[in-house]
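Take the sequence shown: its letter number 13 is residue 119 in the working numbering, and every next letter is one higher.
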Amino acid sequence: MIDTRDPGLRRLLTIQQPRVVARRQLAELGASEDDVRRMLRRGELHRWHAGVYRLDTGPPTAEQRLWAAVLLFPRAALHRESALPGAAGLPAHVLVPHRTSTRRQVPGVSVTRSRQFDARVQPRTSPPRVSLEDAAVEAADLAVDLGHRLTLLADLLHTRRTTAQRVLAEVGAAPTLRHRAEIAALLTDIEAGTSSVLEREFLHRVQRAHGLPVGDRQRRAVSRVGVTYRDVELTRWGVVVELDGRAFHDDPRARARDLQRDLASLEQGLVTVRLGWSQVVRDPCTTAEALAGVLRARGWTGRTARCPRCP
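Following this line, the structure appears as structure tokens:
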């Protein structure tokens, strides 16, 4: 007879898995059908999905949802967004071998069959999952638009758990990608310091498209307001560009902090140009000409280029 006091089951439920267990795992530990029915009757276990149980009755955690999705099948692994750090959203994306029957539909679980299951799943991961690079590239390729792709890739790289070069290698190795070129371009930009859609659009629409100097991105600065990171610093000409992505609302406290940063930069001899979505996306050509004027006033001798959007 086995119940939740069994050392092997306790270890599985509290150390190896987050209080979630599959029926087949109970059988592997020696639990009979009568044992399972007794644990359910006593409230020691609670049915969740078909063949999956948990100890708790309250709202499941994100980790429990991911584990439950994997435990639905004898062999399964997390992929796409579900295999990335901080995965919490629904549905839970699971990968299964190609011959696995997926006729059973479970709310909140998206199942994909793969002929490359064994090659893609990482050994000794808990719960089983594909590599970070595999997950990121697949999720980015299926993202709804460029903004979502960039955010996903930038968030992953900022965890420092992988590098742009490793993800780029996965882009090159993936057999089929609809947005291969765009993902590769995004990764190249992120590696150069671009970490938001607005920064990327500024780099491409304003700076590169019009032949302006690019400068340093996310430059660490120490001033009387503490340690800050400047979006773009054109050190040679004493110009800082701060990109304000607050498109639909304003935060007075954030605005006050921005002004304090601008004042601190001015004390160090740096003039700040603060730009938002309208200047970068709607009217990049006028913005580029204005920024070129600021740079020329501070010693830049270059010439701007015309882009296809220029009037």
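Think of the CB as a built atom: it goes at the ideal place given N, C-alpha and C, for glycine as much as any other residue.
All of these numbers come straight from a predicted model, not from anything done at the bench.
If residue i sits next to residue j, beta carbons under 8 Å apart, how far is it from one beta carbon to the other, in whole angstroms?
i: Pro203; j: Arg219; result: 7 Å
i: Gly157; j: Arg129; result: 4 Å
i: Leu401; j: Val345; result: 6 Å
i: Ala189; j: Val236; result: 5 Å
i: Leu349; j: Gly321; result: Leu349 to Gly321, Cβ: 12 Å. No contact.
i: Arg267; j: Leu292; result: Arg267 to Leu292, Cβ: 18 Å. No contact.
i: Arg311; j: Pro390; result: 4 Å
i: Trp343; j: Gly405; result: 6 Å
i: Val217; j: Thr231; result: With 8 Å as the limit, Val217 and Thr231 do not qualify as a contact, their Cβ atoms being about 18 Å apart.
Since residue i is in the alpha helix (DSSP H), which residue starts that stretch and which ends it?
i: Glu348; result: From DSSP, Glu348 is part of no alpha helix (DSSP H) but of the beta strand (DSSP E) over 345-350.
i: Thr294; result: 286-297
i: Ser371; result: 358-373
i: Leu190; result: Run containing Leu190: none; DSSP gives neither H nor E here.
i: Arg130; result: 129-134
i: Arg226; result: 223-226
i: Gly114; result: 113-117
i: Val243; result: 238-248
i: Thr257; result: 252-264
i: Val386; result: Unbroken run through Val386: none, as it is neither H nor E.
i: Val277; result: 270-279
i: Leu304; result: 303-307
i: Leu172; result: 168-177
Determine, using beta carbons only, whether residue i and residue j come nearer to each other than 9 Å.
i: Arg286; j: Val273; result: no
i: Ala245; j: Leu258; result: yes
i: His152; j: Ala175; result: no
i: Arg306; j: Leu256; result: yes
i: Thr206; j: Leu161; result: no
i: Thr378; j: Ser384; result: no
i: Arg186; j: Leu248; result: yes
i: Ala347; j: Asp337; result: Note on identity: in this sequence residue 347 is Val, with Ala being the wrong assignment. Yes, the Cβ-Cβ distance between Val347 and Asp337 is below 9 Å.
i: Leu146; j: Ile108; result: no
i: Gln123; j: Ala183; result: no
i: Leu178; j: Val142; result: no
i: Ile296; j: Ala241; result: no
i: Glu395; j: Thr407; result: no
i: Arg226; j: Leu201; result: yes
i: Leu304; j: Val386; result: yes
i: Gly214; j: Arg171; result: yes
i: Val331; j: Arg363; result: yes
i: Trp154; j: Pro166; result: yes
Would you list the residues sitting across from residue i in a DSSP beta bridge?
i: Ala198; result: Val215
i: Ser138; result: Answer is none; Ser138 lacks a bridge partner.
i: Thr378; result: Val346
i: Leu184; result: Val200, Arg235
i: Arg153; result: Tyr159
i: Val126; result: Arg160
Let's see if you can read the secondary structure: which residues bound the beta strand (DSSP E) around residue i?
i: Glu339; result: 332-340
i: Gly408; result: Here Gly408 belongs to no beta strand (DSSP E), and DSSP marks it neither H nor E.
i: Ala327; result: 322-329
i: Val158; result: 158-160
Answer with buried or exposed for residue i, where buried requires no fewer than 16 other C-beta atoms within 10 angstroms of its C-beta.
i: Leu118; result: buried
i: Thr393; result: buried
i: His426; result: It is not possible to answer for residue 426, since the shown part of the chain is limited to 107 through 417.
i: His264; result: exposed
i: Ile121; result: exposed
i: Ala398; result: buried
i: Pro358; result: exposed
i: Asp251; result: exposed
i: Gln131; result: buried
i: Leu369; result: exposed
i: Ala193; result: buried
i: Gln222; result: exposed
i: Leu196; result: exposed
i: Tyr159; result: buried
i: Arg116; result: exposed
i: Ala137; result: buried
i: Gln415; result: Looking at the sequence shown, residue 415 is not Gln but Arg. Under this definition Arg415 is an exposed residue.
i: Val333; result: exposed
i: Phe354; result: Low local confidence applies: a pLDDT of 38 at Phe354 is under 50, so the model's placement there is unreliable, and no value is given.
Relative to the ligand PLP, is the shortest distance from any of its heavy atoms to the C-beta of residue i smaller than 8 Å?
i: Ile289; result: This structure simply doesn't include the ligand PLP, nor any ligand for that matter.
Spell out whether any CB of chain D is found under 9 Å from the CB atom of residue i.
i: Arg409; result: Protein chains in the displayed structure number just one, and chain D is not present.
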